[in-house]
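What follows is one structure encoded as structure tokens, with my remarks underneath.
In UniProt numbering, the protein residues as written are 1 to 1213.
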């Protein structure tokens, strides 16, 4: 019997037989060297079942069974969820839905690089199969025929807070997995013989991976607990003894077992490799002044590294022709892995491929799309992975494509990853050297590359080092230091030249790496320039280069820093204009021919508008021309006078790059003059490269692919269950983006909630950005998958108007399930010599435009236009009038000073009070409602609660959709760390101007024993980086209830950070709170230092202040309440009152949190010294108090730091 221990014993019990068979019958392992590259691999994706994994290794003899009693203790590596601190763990797991990608990466390397017969096994929980990332990875594994991969699904039917959506519907799992290309075997997960047979069959199955779908029961063989709810994450308490006795009674041989682990001795040996000291095969070879984009230099450097070492590989997400990783594909095709439009899988596969030092992996895509995979990246850091991420298309300098494509949060994201290195090369020479350095660096590396060409400024022999900047212009007369990188470095150089003409001398510094930053160089040159520094970056304010510089100067007086950054959500326009600025009608159908004519007119408009813009996606528009014609001129019911009329139908263009044809359709119905289309992508036009709600007919911004279905599902949920109206939701999805797991999360959600008012149109044109999609025109596979996910499916010719009319008609009359219309189309349809050919994505037609337009005009039967009119709205039931303004708590907070109340509990109480006042308040949760306490609302008002299961991207997307057109006040909650998985959705919500509230619990090391995979330590940085966001960090129950009330009435995205441990109530129930207003909790005229903390660390600050007073030192304590906006005036005023000495303490990583927010507030003020206590590295399991102390944020550490600062600066008193 595998040892029964605390933590998640019921989750362990459901897989006991699986683990027994794997370890003692199936897998071939080297117990003396668990990471032997020849041995089989095992990934426990459901990381909360860590105790049984540890028990299995102990039973195998790796360490004494008695050591299991040290589970979750600080001085033990047996953490709450697995991490590679243990030599038998390859990757950290616990944030669900990530194991399959990592395992797929391992399997790919085993099959294609090592060419060995080791196998990879991954155990997945049924709850986490709601995560879209799982389906991204399953598609990848099926596509690449990874027959050395075995995925075991533990279908125990119970999630964390309630049953899973599919429970024990084994046939649904089987159908879905078969549709994704798996050999799917349904077994009794507690029958050892069935498991042995299944694993044997898996090992002998060729050309496809195997999925073993094990029907199990949570708490199996635990009397009165088996298959019961509310036992997730709970030790058995006083029931443990009786359960152990029962289990002992089931054991036939009480003296142990004679089984031993199979050795990998007889397996094919893996090749010996060396991935150290990798060099470019030849040095950079550019001429000074050459115009070369750093993304191009990245592609060149990749090839040079691959020439030097055959273990250098590149992965990309169908953007290789933009990131230039295609150069490696062309030179070494076997070392390139196409991951398609599925960034979570891209990152996970890269992490898996790098395991056991088998490859040097570079994974590239647009920088902004890494936000979708933030959770995977942070788990990579916990896993101590060595993977290099390369993000192109950064900042407003990419130009006309618009904000959905612009990486403006990427530096903040990667800086906050523990142990990361962030490169920002400014020219081709430095970029090649950055790639070389990254290949040899430990930990996660991020290389930020740019789209526009920039001049080569460095000699080919220039030396570059991590953490070393370069002065590119200087004189002895310099009065100000300008700091920029890449595009903004050149702007700095231009500015320096102009300033010199005016008699002002400026020094210019290129940081090369933003993390680590060359602090010494900045301080030295800043002082030489009189303490005057200007930092310029093509990034949002929070978490970027500017705040990195401020952190470097935190303990230095006499610096004034001016920070120039992108202040708001940008817009389309020529790059130079952006850089300068930031520093139709449908009634009834008459004939099929008229609809076809309109489709051709829409094509012409798409061509002419993209020609005028000299950029855009006309071929992508052409594939959906008939779809748009039928939707706008026959199917949808719209109000031209008020496009956002809550009673009208909704359309989401998920494939946002086809924006020109959406704009053309609205122009054709008469919403605005057709000639306005010629303003596409111009700075002073709202017709942006990808749609944004600056246009009154756009509900949400799209363009970052894979988001539309979630938003549409949120709209449809509100329409069906809250508005109870007949309006319908249509969403057009590109086939390339269907590789995104988020799409499948949302399809599952839509089917589970029977959203029959939702119609999803898949534009299957077979061509992606850089090559064919993985499925091409295999529409039958799409059909099987969508039917497996519960949709009513129609496969049609997407260019046949009659097929479309019939499909949309049938969709409107389908009940209890959403409809998916799979439209087989062709990119560039009716464009002679262009139709269905590659290399035309994102390109205007140039000199071919005139001939194509002439051809299209010849196809139009009636060249005089059309007489189609829009359908009137009276056919739709009116929606109820709602008022979501001035929402209040039904009753004020009712606590007693000193009561120990967790702020997450207060959040649940406040939710109920809001709904009592206004029934438009709703809550969404991702199967964590018993931890976030949103279950309080579920119990009080079940109709106002939406369960989204373990699928955070859909959770966020559905919340954004539910908030559209001001129909609801939305609160979406989960563990704060898990919002990293949905960073891309959150930033797109900010671009959309959405009003939605996100609540994250389990923040920081103070959560205790669950370990780092569950700890929110990057969440403040994430939400601060969102434009227009408000970040609340309430410190007690009273302030938390008021934060919830304020958030309900605040525009934009709000984040409320709640904590797991109980904290004392410190505020009176009548205390007033306002956004951007701090509270001073302790002060005297003698104060010598200002302590700033929030929630857990605020309590520690108060304790430290008491201790300081006992030794004659006096500290003022400030609670910021909101971190964005921060109460700058209060901090400055109280900081000066304390002689400029400030100590900031936070349960968060250094980058992007409260400390850097304070530093930003003080940037242009001299005379401050700021000491910052934060979580310095990836934490570990342990008791909360122990962790708070061990990681340096306890009262004793605050006391010591404050005392040292006061003593050092005693001369000022």
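Virtual Cβ for every residue (Gly too), placed ideally from N, Cα, C.
In chain order, what residues of the same chain lie with their CB nearer than 6 Å to the CB of residue 603, ignoring the 5 residues before and after it?
-> 622, 625 and 856
With 16 as the cutoff for other CB atoms within 10 Å, does residue 1068 come out buried or exposed?
-> exposed
Distance, Cα to Cα, residue 588 vs residue 726?
-> Confidence at residue 588 is low in this model, with a pLDDT of 30, below 50, so the placement of that residue is unreliable and no value is reported for it.
Note down, in chain order, each residue of its chain lying with its Cβ closer than 7 Å to the Cβ of residue 190, except the 5 sequence neighbours on either side.
-> 17, 216 and 220
What residue ranges within the stretch 794-879 form continuous beta strand (DSSP E) runs of no fewer than 3 residues, ordered along the chain?
-> 819-824
Euclidean distance between Cα positions of residue 1205 and residue 304 | 50 Å
With respect to the beta strand (DSSP E) encompassing residue 482, which residues constitute its N-terminal and C-terminal limits?
-> Segment 480-483, the beta strand (DSSP E) holding residue 482.
Taking 8 Å as the threshold, find out whether the stretch 97-108 comes into contact with the stretch 918-938 through three or more Cβ pairs.
-> no
Which residue spans inside the stretch 1080-1141 form an unbroken beta strand (DSSP E) run of at least 3?
-> 1089-1092, 1115-1119 and 1122-1124
Which of helix, strand or coil DSSP assigns to residue 574 | coil
Buried or exposed (CB count within 10 angstroms, at least 16 for buried), residue 1136 | Residue environment analysis places residue 1136 among the exposed positions, since fewer than 16 neighbouring C-beta atoms fall within 10 angstroms of its C-beta.
If you check the beta carbons only, do residue 123 and residue 44 fall under 9 Å apart?
-> yes
Spell out the partners DSSP gives residue 121 in its beta bridges.
-> In DSSP, residue 121 forms a bridge with 42 and 150.
Verify whether the separation of the beta carbon atoms of residue 423 and residue 448 is less than 9 Å.
-> yes
Take residue 144 as the anchor and find which of 155, 789 and 336 has the nearest alpha-carbon.
-> 336
Three-state class that DSSP yields for residue 510 in the structure shown = strand
State the start and end residues of the unbroken beta strand (DSSP E) segment that holds residue 316.
-> 312-316
Within 9 Å, strictly: CB atoms of residue 908 and residue 955 = no
Limits of the unbroken alpha helix (DSSP H) element including residue 504 | First-last for residue 504: undefined, no H or E at that position.
Would residue 1001 be called buried (16 or more neighbouring beta carbons within 10 Å of its own) or exposed?
-> buried
Please name the residue or residues paired with residue 947 in a DSSP beta bridge.
-> 925
Pairwise C-alpha distance: residue 168 and residue 187 = 12 Å
Does the stretch 198-216 come close enough to the stretch 800-808 that 3 or more CB-CB pairs lie under 8 Å?
-> no
With a CB to CB cut of under 6 Å and the five nearest residues on each side skipped, what residues in its chain are close to residue 10?
-> 218, 219 and 231
Consult DSSP for residue 1164 and reduce its assignment to one of helix, strand or coil.
-> coil
Measure the C-alpha to C-alpha separation of residue 22 and residue 347 and round it to an integer number of angstroms.
-> 27 Å
Three-way DSSP call (helix, strand, coil) for residue 589 in this model | Model confidence at residue 589 stands at a pLDDT of 29, short of 50, so the residue's coordinates are unreliable; what they give is reported in the following sentence. DSSP places residue 589 in coil when its eight states are reduced to three.
Verify the CB distance criterion: does residue 1028 have a CB-CB separation below 9 Å to chain B?
-> In the structure shown, chain B does not exist; there is a single protein chain.
Same chain only: Cβ atoms within 6 Å of residue 743, ignoring 5 sequence neighbours per side = 706 and 709
Mind checking whether residue 1078 and residue 897 have CB atoms under 9 Å apart?
-> Not a contact, by the Cβ cut-off of 9 Å.
Is residue 183 helix, strand or coil by DSSP?
-> strand
Out of 760, 284, 758 and 387, point me to the one whose CA is closest to residue 352's CA.
-> 387
N- and C-terminal bounds of the beta strand (DSSP E) containing residue 763 = First-last of the beta strand (DSSP E) with residue 763: 758-764.
Proximal residues to residue 860 (C-beta, below 8 Å), its chain only, five neighbours per side dropped | Taken in chain order, the residues that qualify are 597, 600 and 601.
In terms of residue numbering, what span does the alpha helix (DSSP H) encompassing residue 99 cover?
-> 99-108
Taking C-beta to C-beta, are residue 717 and residue 961 nearer than 9 Å?
-> Yes. Within cutoff.
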